[in-house]
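First up is the structure itself, then whatever we jot down about it.
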Amino acid sequence: MCASGAPIVTSLYTAPAGIPAEANDPWKGCVSVIVPVYNEVAHVDELLQAIHGSPVRKEIIVVDDGSTDGTREKLQALPPMDDVTVVFHERNCGKGAAIRTALAYARGEYVLIQDSDLEYDPQDYSALLRPLDEGKANVVYGVRPDRPERGLRFFLGAKLLTHLTNLLYGAGIHDEATCYKVIRRSLLTRIELQCHRFEFCPEVTAKLCRMGEKIAEVPISYNPRSAVEGKKIRHSDGWLAIWTLVRYRFIPRKSWLQRGPGEQPTPFTVSFSRRPSR
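For the sequence shown, position 256 matches number 256 in full-length UniProt numbering, and the numbering has no gaps at all.
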């Protein structure tokens, strides 16, 4: 069970009614680590071990997005743990869909997105959470170093998305496409998400910027994986990210912004779920 005395930030937005801010809230200061998983049987054990080894208060929500390589069998065989929720999509729906499903199970004060491919190091959680715990931000992005191993296509694509974000929204950020996004849950639940695949990143970035949020950044480590090693993003995802950034610049906020804390719509069939016993 998570407990903390970290303050709720209200300077950048009005906290929705019903979100507990008392120091005795058991989930105050806790981070809900959302892990979308698809065909990662070779890495899932190592990933969960790495997340458990991060020195922060957390719960882990793993959503298997229709794996066919034995990943879900391995997850189902895990012994029940007090801090791990396991959910299975009936079929493959995409990373964004998995995140939307996971949000329905999240209870922490913060939400952190963790890819399952071991490109990102959970030892960076402490640095990512520090601006939130200190009341300096509601949103923190982890900025990846410019590693040539990323490949020219991925490198230039990420730079283009960052430049477009800054041009359209005046965000002043350095890595829009980073996986490591940490957001106060009471803020994130005000946003109605529509993403299915990798467009979660540009959608949430665009909507946070439209809400007037300033995105804090911290440097993180990064170990890029190639397509041969299983990287799943496609050329079409890049074009969809560009379109997502452009269209949410002009769509009225009232069409996706909720006045108070709302349930994230999750129109994705869940075939199995196991919550912690307490």
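Beta carbons: idealized from backbone N, C-alpha and C, even for Gly.
Distance between P224 and Q264 (C-alpha atoms, nearest Å): 31 Å
Contact check, V87 vs Y105, beta carbons under 8 Å: yes
Contact set for R253: own chain, Cβ-Cβ below 7 Å, skip 5 residues either direction: R210
Residue from R100, E203, I99, L47 whose Cα sits closest to the Cα of T162: E203
Contact check, D65 vs C30, beta carbons under 8 Å: no
Element boundaries [beta strand (DSSP E), containing T85]: 84-89
Runs of beta strand (DSSP E) wholly within the UniProt domain "Glycosyltransferase 2-like" (32-188) (minimum 3 residues, chain order): 58-64, 84-89, 110-113, 139-143, 181-184
Own chain partners of S116 with C-beta closer than 8 Å, once the 5 adjacent residues on each side are dropped: V35, P36, V37, Y38, E40, H43, V44, L47
Residues near D146 in its chain [Cβ-Cβ closer than 8 Å; skip 5 each side]: F155
Which listed residue (S67, W256, E109) has its alpha carbon closest to that of P26: E109
Bridge partners - I251, DSSP secondary structure assignment: Paired residues: none, contrary to the question.
According to DSSP, residues forming a beta bridge with L193: None; L193 has no bridge partner.
Reference H52, options D121, T101, G142, K136, closest by Cα: D121
8 Å Cβ cutoff met for L193 and R249: no
Cα-Cα separation, V111 to L152: 31 Å
Cβ-based neighbour list, S236, same chain, cut-off 6 Å, excluding 5 preceding and 5 following: none
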